[in-house]
Structures are given as C-alpha cells and as structure tokens.
Amino acid sequence: MVFSFLSFVYLAVALAVALRIFSRRSSHGTALAWLLLVILLPAVGALIYLLIGERRLGRTWMRRAITLQPQILRWARNIPATDVVAPDTLSMGAESLSRLATGLAGLPLMGGHRLRLLVESESIMRMLIADIDAARYSVHLEFYIWSAGGFVDDLVAALVNAARRGVACRALMDSLGSRSFFKSEAIASLRAAGIEIVEVLPVNPLRALFVRLDLRDHRKIAVIDRGVAYTGSMNVADPRFFKQDAGVGEWVDAMVRIEGPAAWALEAVSLSLTALQTGGDFAPPEPPALSPTGNSRVQIFPSGPQSSIRHIEALLLTAIYAARREIVLTTPYFVPSETLLTALRSAAVRGVHVILIVPKKVDSRLVRYASDAYNDDLLVSGITILHFGDGLLHTKSMVIDEQITIFGTVNFDLRSFELNFEVSLIAYDRQFSSEVRALQRQYESRSQALQLEQWRARPHWRRLLENAVQVMSPLL
1 MVFSFLSFVY LAVALAVALR IFSRRSSHGT ALAWLLLVIL LPAVGALIYL
51 LIGERRLGRT WMRRAITLQP QILRWARNIP ATDVVAPDTL SMGAESLSRL
101 ATGLAGLPLM GGHRLRLLVE SESIMRMLIA DIDAARYSVH LEFYIWSAGG
151 FVDDLVAALV NAARRGVACR ALMDSLGSRS FFKSEAIASL RAAGIEIVEV
201 LPVNPLRALF VRLDLRDHRK IAVIDRGVAY TGSMNVADPR FFKQDAGVGE
251 WVDAMVRIEG PAAWALEAVS LSLTALQTGG DFAPPEPPAL SPTGNSRVQI
301 FPSGPQSSIR HIEALLLTAI YAARREIVLT TPYFVPSETL LTALRSAAVR
351 GVHVILIVPK KVDSRLVRYA SDAYNDDLLV SGITILHFGD GLLHTKSMVI
401 DEQITIFGTV NFDLRSFELN FEVSLIAYDR QFSSEVRALQ RQYESRSQAL
451 QLEQWRARPH WRRLLENAVQ VMSPLL
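Okay, so the sequence shown: first residue is 1 according to UniProt numbering, each after it adds one.
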C-alpha cells in the first residue's frame with residue numbers, strides 16, 4: 001500500500017514537472033537534462049527545478065524591463081551622429097557582426113577611441129585608482145565581486161576621498177558575488193562617505209519563492225567622468241588573497257582602458273541595470289563633448305537574462321563563421337552549446353586555425369568534467385587545446401583573424417549566455433586585436449597542449465563521469 005502511494009506520488013511529481021517543462025520553449029539539451037534529473041531524483045529534482053529551472057526575474061523586474069526597453073532604444077537612437085560610424089566602412093565579415101550587434105542590443109558602432117590593454121592585476125588597480133583620484137565629476141562602478149583586502153582597500157580609500165571632495169560616486173555590487181563585502185567594514189566606510197551603493201539581485205530565502213537566485217550581475221564596468229572607462233574580466237579582488245584556499249592559484253585577468261564615447265555608453269548600460277534594480281528612471285546625462293582621442297572603432301554589447309534570445313551566443317556564432325584564418329579563444333569555463341561546438345568544429349574543418357586556451361585547474365570540479373567531455377570532439381576536428389598552468393586563467397577574449405576582438409565578461413558557457421548580466425567590448429581594431437593576440441601568445445607559452453592519444457588514454461571511469469556531467473551541463 002505504502003509502495004503504491006509512493007509510486008503514485010513519484011509519477012505525479014514527474015508528470016507535473018514534465019508538463020511545466022513542456023509548457024515553455026527551451027533547448028533540447030536543457031529540457032532533457034531537467035527530465036532526467038526529475039526521473040532519477042523526483043523530489044530533489046522537482047525542488048531544484050522550482051528554484052532554478054526557469055529564468056524568473058520576478059514580475060516587478062520584468063515589468064520594469066518591458067518599460068525600460070523602449071527608453072533604452074530611444075536613447076541609443078539619439079547618440080550623437082558625430083560619435084557613430086557607418087558599418088559599411090568595415091570589412092564584410094566585420095560589417096555583418098556590427099549590424100547584428102546593433103540589431104540585438106541597439107547600440108551602434110562608435111569611433112574616436114583610444115584603447116589600452118592592461119594585463120596585470122596590480123597595475124590595473126593602480127591605474128584605476130589614479131583615474132579616480134583625478135576624477136572631477138563622477139565615478140560609476142559595477143562589479144560582480146567586491147572582496148576586501150590588499151589593493152581593494154586602497155580603492156575604497158580612493159572612492160571615499162573622491163566623495164569627500166564632491167565627486168558623485170556610485171557602486172553596483174552583485175548580492176551573491178559580493179556577499180562577504182557587504183559584511184565588511186569597507187562597505188560601512190563607503191556608505192558613510194555618501195557613496196550610493198546598489199545591491200543587485202538581493203539574495204534571501206523569501207525571494208527564492210518568486211525569483212531565480214542564481215541569475216547574477218556578472219559585469220565589470222568602471223567609468224570616470226564619463227570619458228574614461230574600464231571593462232574586462234577582473235573583479236574588485238586582490239588575487240594575492242582572493243580564493244587562495246580553492247587550490248587553483250591566483251586568478252589571471254586582463255582589462256581594457258577606453259577613452260572615448262564608449263565610456264559614457266558603458267555608463268548608460270550600467271544605469272539601465274540600476275533602474276531595473278531600484279525602479280528609478282533611466283535618465284543618463286547628456287553625452288559629454290569629447291574630442292577624439294584615437295581612431296579605434298568599437299561597440300558595447302550588453303546581454304542579460306531579461307531577453308528570451310541568447311544575444312551573446314548569436315554574436316559569437318557570427319564571429320566564428322566570419323573567421324577566415326584564425327580564431328583564438330580564452331575562457332576559464334568552457335561548456336558550449338551544441339551550436340557553438342558545431343561552429344568551432346566547422347571552422348577547424350574548413351581550415352581555420354582554432355586555438356582554445358583554458359586553465360588547467362578551475363574552481364568547479366563539475367565544470368571541469370563537463371568541459372573535458374568536449375575534448376575528444378575538438379581534438380579530432382583539429383582544434384588546439386591548451387591548458388594554462390600558472391593559475392586560474394580568467395581572461396575572456398576571442399580574437400578573429402587579428403582584426404576583430406570580443407573582450408569582456410562573458411564565459412563560454414550557458415550560464416553567461418542565459419543567466420548572467422554580461423557586457424562585451426567588440427573592437428574592430430587591428431592594433432588592439434594584435435595586442436590581445438600577443439597576450440594570448442603569452443598565455444600559450446605558459447600552457448601545455450593536450451594530445452589526442454594522451455587524452456584517449458584516460459581511465460574509463462573518467463570518461464563515463466565526464467559524459468554524465470556533460471548531459472547535465474545545461475543545469476550547471
């Protein structure tokens with residue numbers, strides 16, 4: 001009798017979740033992964049699905065997003081013509097990429113920039129602090145992780161000093177990524193100085209009933225006086241102290257310093273998320289009158305879970321198919337969709353030299369197993385896989401034919417494509433692309449190539465584990 005009742009409950013739970021899954025449009029891999037989890041672990045699977053199975057930003061957030069979207073597009077259409085560059089001035093492949101980026105995110109191709117690649121965490125932070133010390137009007141920061149200690153304490157002091165001399169300062173911090181910082185003395189000193197702190201996507205048990213808690217703000221943005229900006233992979237965390245108990249070494253990052261109109265475009269992107277979080281108005285200040293500081297042409301490309309389309313995945317696919325000679329990709333987490341996997345393999349088969357550089361050790365064992373499951377397919381296609389051995393390589397970059405660079409916060413995984421607020425800089429600039437490619441070559445020199453014969457000699461149990469985790473990768 002008890003067995004019959006439990007069987008009935010099992011079937012009822014599995015059927016209910018299955019109907020819920022089928023009622024929504026999702027990728028085959030994601031739907032099958034959820035069904036498998038619910039069948040194997042009905043009670044646990046159903047609970048996990050209720051918590052993180054759907055991209056639930058909540059009714060309030062979605063209502064705000066719907067209201068904000070036309071405002072953002074209207075603002076983008078009113079960007080001064082003097083800052084906008086016609087896409088047909090680019091090469092054919094770059095023009096297609098630029099038009100897609102504008103169609104998906106609304107932001108146009110912009111000119112008159114000077115780009116500077118920064119490749120060492122200490123020097124990056126010192127340069128950012130120097131810019132904050134020189135700020136006259138405003139400092140706007142948005143970072144996924146804030147972690148006190150080391151040079152971060154110097155950044156906090158610089159922000160406090162800026163606020164005291166009358167500079168308007170604002171800092172966005174992801175609630176989960178910066179949870180330890182919200183308990184630190186540093187946050188109290190920032191608030192005491194009058195700095196506006198915006199906690200993005202707050203985490204608490206009550207919200208779990210209405211909002212998916214693992215939707216995160218993964219962006220890294222700093223804008224000073226609306227004319228200088230930073231973006232890239234580095235969080236507000238000193239790698240000498242951050243996550244030193246994870247056994248992966250220091251995190252290795254890179255940022256780009258931008259002078260030009262893309263700086264205030266980045267600030268506007270961040271202000272749109274501020275409006276989403278706080279419910280305030282989206283009202284970026286008028287674009288400042290900036291003299292051209294260089295000739296780099298760039299686009300800012302924001303993405304996030306409020307969209308039903310994987311915008312950044314579409315952008316990456318277009319970039320891959322536009323490649324003619326070489327694609328070099330660095331990412332700490334490589335768990336691609338099937339479409340991206342097919343695009344990379346197709347590029348290699350048609351003669352494009354494809355190089356994938358990933359860290360030898362990552363801070364998630366499940367992600368490592370899921371990533372390794374793709375190695376055989378990649379190696380057979382002729383793709384070079386390099387394992388970086390000097391820490392957790394955290395730089396996210398893609399260089400196409402040393403002409404186009406996609407650089408920013410996006411990992412090559414479904415979480416970045418579907419669940420995180422991300423931002424990318426698309427640089428249609430040979431010089432900057434060559435500089436990023438030179439950095440990638442430095443990473444190559446500190447890496448070891450994975451050989452197909454060596455890889456296939458791994459234990460059978462490891463192969464089974466990788467494939468099992470890979471099946472569940474849409475849920476990671």
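The beta-carbon is built from N, C-alpha and C at its ideal position, and this holds for glycine as well.
Since the structure is predicted, the reported quantities are computational estimates derived from the model, not experimental observations.
Have a look at residue i and residue j and give me their C-alpha separation to the nearest angstrom.
i: Leu386; j: Lys361; result: 12 Å
i: Asn235; j: Gln403; result: 27 Å
i: Ser175; j: Val200; result: 6 Å
i: Arg297; j: His460; result: 50 Å
i: Gly93; j: Ile132; result: 38 Å
i: Cys169; j: Ala134; result: 13 Å
i: Ser364; j: Leu393; result: 13 Å
i: Arg63; j: Gln299; result: 27 Å
i: Leu340; j: Gln470; result: 15 Å
i: Trp61; j: Ile221; result: 22 Å
i: Thr409; j: Arg219; result: 6 Å
i: Asp281; j: Leu344; result: 41 Å
i: Ile72; j: Gly279; result: 15 Å
i: Ala192; j: Asn78; result: 37 Å
i: Val252; j: Ile383; result: 23 Å
i: Thr102; j: Leu414; result: 22 Å
i: Gln277; j: Pro70; result: 17 Å
i: Lys243; j: Ser184; result: 16 Å
i: Ala468; j: Ser346; result: 25 Å
i: Thr342; j: Ser371; result: 15 Å
i: Arg458; j: Val367; result: 18 Å
Helix, strand or coil for residue i, going by three-state DSSP, please let me know.
i: Phe334; result: strand
i: Asp413; result: strand
i: Arg63; result: helix
i: Pro287; result: coil
i: Ala237; result: coil
i: Pro359; result: strand
i: Gln448; result: strand
i: Val349; result: helix
i: Ile129; result: helix
i: Tyr374; result: coil
i: Arg191; result: helix
i: Gln230; result: Here the sequence assigns Tyr to residue 230, which means Gln is not the residue at that position. If DSSP states are grouped into helix, strand and coil, Tyr230 belongs with the strands.
i: Thr278; result: helix
i: Leu340; result: helix
i: Asp174; result: strand
i: Gly150; result: coil
i: Gln403; result: coil
i: Tyr137; result: coil
i: Phe242; result: coil
i: Glu142; result: strand
i: Pro70; result: helix
i: Leu464; result: helix
i: Ile197; result: strand
i: Val85; result: coil
Taking a contact to mean a Cβ-Cβ separation below 8 Å, would you say residue i touches residue j in this structure?
i: Ala254; j: Thr395; result: yes
i: Pro332; j: Pro288; result: no
i: Phe301; j: Ala105; result: yes
i: Ile357; j: Thr330; result: yes
i: Val354; j: Val399; result: no
i: His113; j: Ile224; result: no
i: Val167; j: Ser189; result: no
i: Ala265; j: Leu107; result: yes
i: Val269; j: Val423; result: yes
i: Val352; j: Ala323; result: yes
i: Thr82; j: Val198; result: no
i: Val256; j: Leu419; result: no
i: Glu326; j: Asp429; result: no
i: Ile124; j: Ser178; result: no
i: Trp75; j: Pro284; result: yes
i: Glu466; j: Tyr321; result: no
i: Gln431; j: Val328; result: no
i: Ser272; j: Leu68; result: yes
Assuming the contact rule is C-beta atoms closer than 8 Å, residue i and residue j should be a hit. Round their C-beta distance to whole Å, please.
i: Phe151; j: Asp245; result: Between Asp245 and Phe151 the Cβ distance is about 20 Å, and since that is not below 8 Å, they are no contact.
i: Gly247; j: Asp390; result: The Cβ separation is near 14 Å, so there is no contact.
i: Arg312; j: Ser433; result: A small correction: the amino acid at residue 312 is Ile; Arg does not occupy that position in the sequence shown. Between Ser433 and Ile312 the Cβ distance is about 19 Å, and since that is not below 8 Å, they are no contact.
i: Arg446; j: Phe388; result: 6 Å
i: Leu215; j: Pro261; result: Contact flag wrong, Cβ pair sits at about 30 Å.
i: Ala186; j: Ala148; result: 5 Å
Exercise for the section: Could you tell me whether the region 223-239 touches the region 136-146, where touching means 3 or more Cβ pairs closer than 8 Å? Expected result: yes
Practice task
Report yes or no: do the region 436-456 and the region 371-383 share at least 3 C-beta pairs separated by less than 8 Å?
Solution key: At 8 Å Cβ cutoff, the stretches touch.
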